[in-house]
DNA sequence: CTTTTTTGCACAATCGATGGTGCAATGACT
DNA sequence: AGTCATTGCACCATCGATTGTGCAAAAAAG
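Written out as structure tokens, the structure is:
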């Protein structure tokens, strides 16, 4: 307030102004002054000066000296997706409430990029890292371990570090059962009427496919392999798969399971190119929740993954003394069609 | 690779190993060795050692010394929203391609929080800051100015720093015209049939409301004030506004303009509580694009704001010598119903 | 074989904070 | 008054890099 446009005040400036030594100023401003037996009056004087001059500590200097930065990282595959962006939102809130600074970055599902990004984070001496949806969690683990960085995997498990993931198998079972039951309301459902689109060679996809097949076999008696159409996590590839099916059959499957909201975007691309009748009576299950996806013009059952709980558990694990590489499952919830859940935004005050 | 689990190598370690002085090592590793007339052979030796030991610079130390951190900040209102999350995605890509490190944080539209968050970023000596959708851009500006931090406003303008925003007035005109024309296909539209929901006391809302009223008056001849229903950026409040209208009229307006995708989520909450018939023939315009929002079971015209261009322009401005507090407009595009645009995710390779 | 120039590098200060150590002044006690 | 404990703080090394300066040795010039 007092200095306008000047450089930022340092403990040395306050040292001059107060007549105390820099180390005294430092002790006062970082709260360790009681331990250092600084007189209360001295402390108050320095506090006052600090306020007047708008002092804030240089966290790079502090981090350099103490080799702790107060930064906590979250590595995401992508931002542009409600599952991950709401994870980022919860993450931020929890990091802030712990008095640290969140650092959210994405690595585009590229294993090379994942490692490079983490190297960069390490160069800033981040204290802890959440690795979400990494393509190569164990590769990232090695980078972290070399630097002695505490970390957990979220969403996709690794074998070397503790992991907290959605119970994909159970979630997929719930979702599959829901769409089968709903489809059967319109008449008997043959195994050929139920497909799965999306997913690739990762743990989550495997588990979801396994859950899908289990339930499908139990309820419909069979499960031809052709009904599983992996397309990767790409809207374009997914759209192509729908297109291919449509060309072969003149329609979409009566019911299908879509592996993630990213794949569901592929369905939108398909729909954009075809008249409404093409999908007038399909039943869709999507392993992810999106508030608009829930209101599409056909029934969409969704799975809401509990990213908030995953983050909470992640912190609990990081805070623990020992961190065995165990995988913890978090139960997701089934969201029936036409449901608007409240999200992290609802915690915001928006008066006026 | 060579040391497993050890502490990170520093220039002093490499100095010992190579026999060169720390300053020589530093010069080699930061690329300034030509300028310092270091022999090529020396440089190569040091490079080799650095690779073998997996050296990476301590960026806090570098930042402390050079008072540049390589960090570029993006301050968002919220993550959990396709407009802002896709902005984050473009931002990251551009920052990375400039060899810097993106730091994306949200401040929940709380002016106090905005300033606090920026103070924190400043403590990490970030080099540049993008302030997106800030509630109080000028308050943030002052904090930045005190610290000598270069910054631009995105999405919501300030008066003290350069701003790059969507051409809200023009976008609103396009959107309003589109929904009016579409609604008129179903028969004549009276001024009471066209409402606007959402928005609050910010520049974007004002401009959008202005554009809406201009076009509505021009095409429908009148524009009763009751047709403007500001609800803030809150799904819950927006839902309440729809509910209130519905209680008063037994239906929703034939056509309406929704101020943002966040407000559109409020419509979803309303819909969840009412049967399909309630909204069988509404026409909606939403000032924001969401790939699923575009395929709701009624026509939804959307406005896609070009956040990628905004970020690009932002960098251009930050790179310029002078930065007058001018507001730059970026033209958004009208997206007709049932349209799936490609997004930043499509740049990703997703093989297999 | 000097003198000058160039090459190649080492030295040391510095960025802003932290924390161990040491010492003077004060007060308590015998 | 002399001894001892306590209080209150200053001093200084340190974290890991950057950078201005200076100086020896080698090369070029005379």
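Chains as they are written, first to last, in full-length UniProt numbering: chain A, 1 to 352; chain B, 1 to 352. Backbone N, C-alpha and C define an ideal beta-carbon position, used for all residues, glycine too.
Since I believe residue j is in contact with residue i (beta carbons under 8 Å), could you give me their beta-carbon distance rounded to a whole number of angstroms?
i                      : j                      : result
residue 179 of chain A : residue 283 of chain A : 5 Å
residue 46 of chain A  : residue 28 of chain A  : 4 Å
residue 159 of chain A : residue 272 of chain B : About 41 Å separates the two Cβ atoms, so there is no contact after all.
residue 238 of chain A : residue 220 of chain A : The Cβ separation is near 23 Å, so there is no contact.
residue 301 of chain B : residue 337 of chain B : 6 Å
residue 173 of chain B : residue 214 of chain B : 6 Å
residue 18 of chain B  : residue 85 of chain A  : Contact doesn't hold; Cβ gap of about 46 Å is too wide.
residue 303 of chain A : residue 171 of chain A : 5 Å
residue 64 of chain B  : residue 64 of chain A  : 6 Å
For residue i, which residues in the same chain have their Cβ closer than 7 Å to its Cβ, ignoring the five residues on either side in sequence?
i                      : result
residue 315 of chain B : 94
residue 67 of chain B  : 125
residue 243 of chain A : 270
residue 12 of chain A  : 22
residue 279 of chain A : 252, 271, 298
Starting from the Cα of residue i, find the closest Cα among the options and give me that residue.
i                      : options                    : result
residue 190 of chain B : B:145, B:197, B:255        : B:255
residue 76 of chain B  : A:92, A:13, A:63, A:333    : A:92
residue 222 of chain B : B:278, B:246, B:195, B:229 : B:195
residue 210 of chain A : A:220, A:275, A:169, A:64  : A:169
residue 212 of chain B : B:285, B:309, B:39         : B:285
residue 129 of chain B : B:202, B:341, B:162, B:112 : B:162
residue 217 of chain B : B:205, B:202, B:239, B:193 : B:193
residue 175 of chain B : B:106, B:241, B:13, B:335  : B:335
residue 332 of chain B : B:347, B:227, B:268, B:308 : B:308
residue 102 of chain B : B:111, B:87, B:112, B:114  : B:87
residue 260 of chain B : B:173, B:208, B:20, B:274  : B:208
residue 96 of chain A  : B:226, B:120, B:111, B:100 : B:120
residue 204 of chain A : A:157, A:250, A:140, A:150 : A:157
residue 235 of chain B : B:142, B:276, B:258        : B:258
residue 154 of chain B : B:83, B:112, B:117, B:145  : B:83
Does DSSP put residue i in a helix, in a strand, or in coil?
i                      : result
residue 333 of chain B : strand
residue 8 of chain A   : coil
residue 179 of chain A : helix
residue 279 of chain B : helix
residue 287 of chain A : coil
residue 13 of chain A  : helix
residue 128 of chain B : strand
residue 203 of chain B : helix
residue 267 of chain A : helix
residue 317 of chain B : helix
residue 223 of chain A : coil
residue 74 of chain A  : strand
residue 379 of chain A : What the structure shows of chain A is the stretch from 1 to 352, and residue 379 of chain A is not part of that stretch, so it cannot be assessed.
residue 135 of chain B : coil
residue 229 of chain A : strand
residue 249 of chain B : helix
residue 82 of chain B  : helix
residue 102 of chain A : strand
residue 262 of chain A : helix
residue 46 of chain A  : helix
residue 141 of chain A : helix
residue 39 of chain B  : coil
residue 311 of chain B : helix
residue 24 of chain A  : helix
Does the ligand NAP have even one heavy atom less than 8 Å from the beta-carbon of residue i?
i                      : result
residue 127 of chain B : For the structure depicted, the ligand NAP is absent and the ligand set is empty, with no information on it obtainable.
Can you give me the Cβ contacts of residue i inside the same chain, cut-off strictly under 8 Å, excluding the 5 residues immediately before and after it?
i                      : result
residue 147 of chain A : 122
residue 351 of chain A : Confidence at residue 351 of chain A is low in this model, with a pLDDT of 43, below 50, so its placement is unreliable and the value that follows should be read with caution. Around residue 351 of chain A: no qualifying Cβ.
residue 353 of chain A : Not covered by the structure: residue 353 of chain A. The range shown for chain A is 1 to 352.
residue 182 of chain A : 255, 283, 299, 301
Given residue i, which residues of its chain have a CB within under 6 Å of its CB, disregarding the five upstream and five downstream residues?
i                      : result
residue 341 of chain B : none
residue 70 of chain A  : 100, 101
Check whether the segment 195-205 of chain B and the segment 221-239 of chain B touch, using three or more Cβ-Cβ pairs below 8 Å as the test. yes
Does the contact criterion of 3 or more C-beta pairs under 8 Å hold for the segment 133-141 of chain A versus the segment 290-301 of chain A? no
Do the segment 78-88 of chain B and the segment 103-116 of chain B meet, that is, are 3 or more Cβ pairs less than 8 Å apart? yes
State whether the segment 40-54 of chain A contacts the segment 46-60 of chain B, with contact taken as three or more CB pairs (one from each stretch) at a distance under 8 Å. no
Three-pair Cβ contact test at 8 Å for the segment 50-64 of chain A versus the segment 316-331 of chain A: no
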